[in-house]
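Residue numbers (this note's numbering): 3 to 175.
Even glycine gets a Cβ: it sits at the ideal position worked out from N, Cα and C.
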């Protein structure tokens, strides 16, 4: 099973690549919504909205997570298994809903949103340090599309999710 170091590298590398991509976009590309798809700015905002609740959960003690979300009743998934499951859900029509749907982001907000995204990813990497390796498979968090995930799986998702959105944006660039 992939460890904390793998997760921290995944988050760090994917966040840096995403920031690099977003930073290079000119105003027209940053704001463009081709075929009613999210703009670059909206993808950035969606990722911020997705990372923030995980960061909040990582501050809670384990007993609170257990009280709120129960305990795992299955073998944890590997990174590859988690990614495959997410792709299947997307292929079946899964989309972001509710609080994870981003508002329109203006060009003037670009730098502020990049800083917010960096802060969320850096916070996640730092908060991961406060959890022991074995604890990552002992507690659950809810995911709106994938159901209950272990902490490790949610962190896998967070790292992959950044890469997924970068790839979506690159495909249409």
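Grouping DSSP H, G and I as helix and E and B as strand, with all else coil, what is residue 64? helix
Which residues mark the beginning and the end of the alpha helix (DSSP H) in which residue 123 is found?
112-130
Span separating the alpha-carbon of residue 141 from that of residue 122:
21 Å
In the structure shown, what three-state DSSP assignment does residue 36 receive?
-> helix
Could you have a look at residue 147 and say whether DSSP puts it in helix, strand or coil?
coil
Inspect the CB distances between the segment 149-156 and the segment 22-33 and report whether three or more fall short of 8 Å.
-> no
From residue 111 to residue 11, what does the alpha carbon distance come to, in whole angstroms?
28 Å
- prompt: What separation, rounded to the nearest whole angstrom, lies between the Cα atoms of residue 83 and residue 89?
  reply: 10 Å
Please go through the same chain and pick out, in chain order, the residues whose beta-carbon is closer than 7 Å to the beta-carbon of residue 199, but skip the five residues on each side of it.
Because the chain in this structure spans residues 3 to 175, residue 199 falls outside the shown range and cannot be described.
Q.
So, for residue 34: in the same chain, excluding its five sequence neighbours on each side, which residues have a beta-carbon less than 8 Å away from its beta-carbon?
A. 41, 42
Local Cβ density within 10 Å of residue 149, reported as buried at 16 or more and exposed below that = exposed
Integer-rounded CB distance, given that residue 101 should sit under 8 Å from residue 51:
6 Å
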